[in-house]
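Please read the structure below before turning to the comments.
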Amino acid sequence: MNRCRSDILELIPADQTQLVEWLAVPHRSAYAIRKLKQLGSLTVSSLRYGLQHPEHLVRVGCCIVLDHVYDDSCLPNLIENLNHPHPDVRTWALHALACDRCKKGVCRPAENLILDPAIRLLLYDPKHKVRQMAAGMLGPSVHRSTEVLQALQQAHRGDDHPAVRKVCSWWVPGGTCFVKSLP
């Protein structure tokens, strides 16, 4: 009987702490993410630990899982990761805080707490992928916040990367997403 590697891994019992550590191991991270998502809210304390881990890949993996298994107790750690030196951590922390499509039953948690850090990332982060994610995260708030609108307009006019300007163009007045989301 031939078993593929993933079938064999399914037979290996792993505690949550071990799964979080495996997020830093390239050949085990996909399995760890899948298993942590399956365990759902049971993994929250391990994910909070992972959001403070010294290895950036562990933090990224925890953000990916929390994007699907969101819990309010992780909010301070996610916001803290918006300041992490590694751009992948900042990008995935933004995604975990903002993406409504991935979450089950939760909509843009604590929007008022994340708008200011997201605006700062949009306008000043040195990495264009972080700025692009920030623009996409801020967009749905454009009709509720003049600060968001001003930041998106500023980035649309002056960002040095075309992908950032493109995402901003969707959310400024006249843009497709701006028009579709008019109240």
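428 is the number of the first residue of the sequence shown in the numbering used here; add one for each residue after it. Idealized CB from N, CA, C, for every residue including glycine. Being a predicted model, the structure only gives us computed values, none of them experimental.
- Annotated three-state conformation of residue 587 is coil, per DSSP.
- Under the three-state reduction of DSSP, residue 468 is assigned to helix.
- It is roughly 44 angstroms from the alpha-carbon of residue 605 to the alpha-carbon of residue 445.
- Following the DSSP letters along the chain, one finds residue 489 inside the alpha helix (DSSP H) bounded by residues 483-495.
- Between the C-alpha atoms of residue 449 and residue 573 there is a straight-line separation of about 42 angstroms.
- Separation of residue 463 and residue 570 (C-alpha to C-alpha, rounded to the nearest whole angstrom) is 36 angstroms.
- If only complete runs of 4 or more residues are kept, the segment 533-574 shows the alpha helix (DSSP H) at 538-551 and 555-565, in order along the chain.
- In this structure, 516 is the residue among 608, 516 and 575 with its C-alpha nearest to the C-alpha of residue 480.
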